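Protein chains in written order, with the numbering used here: chain R, 1 to 298; chain G, 1001 to 1424.
Worksheet: the structure to be examined is printed underneath.
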């Protein structure tokens, strides 16, 4: 009996000291993360312009359904998501698989070259992309020189091509980042599995599809979720390259929130509502991805 | 007791006196911080103004910070919304279209200057734009009176003189542009498909706007707006324009000779004059009007801004004194900035000065300043309201539909619906 009391006393002391260690981080997290999240939830029920708010109930949610600009932004964001993320992840996987070969000449050069875009300055590369895709920029000059087109394409002034430029910019930037994850995970796959497969006569593509990909499943899930979240919150590239694109064709949800708060007559309550739409989308898509990737028990 | 030589004592005394004088002057030297967006234009006029002020205040300095216009407006709005005043400037330049938005969204952020400045000496429409509840907050700066800037030498090759461009309609301009294209192969206008400049010019030339004086939306039931969109559609269909993306590409287009003309505000003079080797090759004609609209005249406004003092300004009194003594009374200063930067001030007494009557070599000896001054008097006054950005955004969103020849009635209805939704 005495031993139990002593043990529970010790356990309680350890618990208390454990909590004390964690407390400063929790407090900071609470103030700078939890509190703003709750505050913005409350804000999303407020209506009013500038700094004058009043409670509006579900007025903002109703406004969402009638807002053509919101629908445009939502469509654009989902289009970017559906097109850019799969292309980028597949490319990253292919690059990683190619660069995993220990006998490939110039491996470290290629790895560095593909990863380098993620560490470049965002503004610097956007300015360069803008000048590359300008009316008289280098891309048009190359296309005209090779006679692929007969007159210069207005990349940034055309609604379709502007989306193409944004997707290329994002893919160029983030493929290397995902490739590194896959490379690291591939190092952990036992070589003997591949050897056994080669001996059994399994072709290269089948080795890739039936061995590499299933073994990378957790990492693929991780990069898919991260990329989804990043693309749903996309702001930097469309803002710097096209300022929302010719006629809102590259306007994303985050850009719309920015416009609502800092460009138009400010409606902070409505902006908070739109940001919660992003939260809901992220939650739904992440849940679906986890569901798809879970281990099925027989 | 130590004895110091007299010479040493004297030099020590002088040294101490100069150090104390130095610290006193250093303590009273103040720096005014100004935010604006065009180094050739408004930035240059502010520097010129301060060099005049410095004659009587040698210890004070000015720091003019240049930003991209949209970035500066958003930065200002963000900082005012956050409530922190650190890093805010003493004087900020705000475009007239947006003035009411800032004044109404952030009461108390700007310093009222009603008692400090004699507003009867300024153009009434500029004073009105900066007035809320009887208090005026600005030092009125320039008017954005528009003109059609064109490359006189190139149009002459195609056989067009200044007289051919006098008081024309947009349809006549389209015909001229097509003729020039046939004869010389050059494109007339650079048009940014993300910009609403042309719409604003056309609307104000007819005395109408997205909103009426009470702030009600006047789009769907406004026949003039309908005509504005049709005219824009005809301009784009006429094949006389080339698309440009962004400000740099736009200004680069006509300054490099890639395109031949642009209808824009008088403030573009500074950008055009930044290429001195093109002197004598440019001309300015009255901005075209809409032929089918009775109320449309050959005069309009694009832009125009004023200087505002922030309530939180660290050098508030110095800033106000500076604005009063140079911007509020120096007639000679206005002549200077007119000729050098094309800044058509709205200080009425300055209009009597000689620069306003003179002709300009750069524009082939045309009396451009007199012309602009005359057009200024003809600009129909409109109330911009507080939702100009939202309305612009709604119009720009429909530009692809307009360009591809869509039905104007449907487009007008879509714009009207979006503006009503955004301004609720």
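From the three backbone atoms N, C-alpha and C, an ideal C-beta is built for every residue, glycine too.
The structure presented is a predicted model; accordingly, all values stated were derived computationally and were not measured.
Boundaries of the beta strand (DSSP E) harbouring residue 1031(G): 1031-1036, taken from the DSSP string. The straight-line gap separating the alpha-carbon atoms of residue 121(R) and residue 244(R) is approximately 20 Å. Rounded to whole angstroms, residue 1124(G) and residue 1145(G) show a C-alpha spacing of 15 Å.
Residue 1337(G) places its beta carbon 7 Å or farther from that of residue 1085(G). In terms of CA proximity to residue 1168(G), 1286(G) leads the group 1320(G), 1286(G), 1230(G). With a cutoff of 7 Å on beta-carbon distance, residue 1206(G) and residue 1296(G) are scored as near each other. The Cβ atoms of residue 163(R) and residue 250(R) sit closer than 7 Å to each other.
By the C-beta density criterion, residue 1290(G) is buried, having at least 16 other C-beta atoms within 10 angstroms. Assignment of beta-bridge partners to residue 1282(G) by DSSP yields 1151(G). For residue 1415(G), the CB contacts under 7 Å within the same chain, skipping 5 residues up- and downstream, are 1219, 1394, 1395, 1398 in chain order. Within the model, the alpha-carbon separation for residue 1346(G) versus residue 1324(G) is close to 14 Å.
Counting only the Cα atoms, residue 73(R) lies some 13 Å from residue 65(R). Counting only runs of at least 4 residues, the region 88-173 of chain R fully encloses the following alpha helix (DSSP H) elements, listed from N- to C-terminal order: 107-119, 122-132, 138-145. Interface annotation for the region 26-37 of chain R against chain G: empty, criterion Cβ-Cβ distance under 7 Å.
In this structure, the beta-carbon distance from residue 56(R) to residue 69(R) does not fall below 7 Å.
When Cβ-Cβ separations below 7 Å define contact, residue 67(R) makes contact with chain G. Look at residue 1301(G) here: in three-state DSSP terms it is strand. Taking the Cα of residue 1353(G) as reference, the smallest distance to any Cα among 1339(G), 1363(G), 1364(G), 1362(G) is reached at 1339(G).
Counting only Cβ-Cβ distances below 7 Å, residue 1274(G) has no contacts in chain R at all, with the closest Cβ about 20 Å away. DSSP links residue 1191(G) through a beta bridge to 1243(G). Sequence-ordered contacts of the region 1090-1108 of chain G with chain R read 1101, 1104, 1105, 1106, 1107 [C-beta pairs closer than 9 Å].
Interface criterion not met: the Cβ of residue 1315(G) is under 7 Å from no Cβ in chain R. Contact annotation for residue 135(R) against chain G: 1242, 1243, 1244, 1245, 1249 [CB-CB distance below 8 Å, chain order]. With contacts defined as CB atoms closer than 7 Å, residue 155(R) and residue 165(R) qualify as a contacting pair.
Look at residue 157(R): its C-beta is under 7 Å from a C-beta on chain G. Non-local beta-carbon contacts of residue 1080(G) in its own chain, meaning distances under 6 Å to residues more than five positions away in sequence, involve 1106, 1109 in chain order. Straight-line spacing of the CA atoms in residue 1070(G) and residue 1137(G) works out to 21 Å. Annotation: residue 1223(G) to residue 1373(G) spans about 30 Å, alpha carbon to alpha carbon. Distance between residue 1412(G) and residue 1196(G), taken at the CA atoms: about 15 Å.
For the pair residue 1386(G) and residue 1305(G), the Cα-to-Cα distance works out to about 15 Å.
The continuous beta strand (DSSP E) containing residue 1061(G) extends over residues 1061-1066. Taking 7 Å as the Cβ-Cβ cut-off, the region 266-278 of chain R approaches chain G at 266, given in chain order. According to DSSP, residue pairing for residue 1211(G) in a beta bridge involves 1217(G). Nearest CB-CB separation between residue 247(R) and chain G: below the 7 Å threshold.
Take the alpha-carbon of residue 1179(G) and the one of residue 1151(G): they are about 15 Å apart.
Counting C-beta atoms within 10 angstroms of its own C-beta, residue 1134(G) has fewer than 16 neighbours from the protein chains shown and is therefore classed as exposed.
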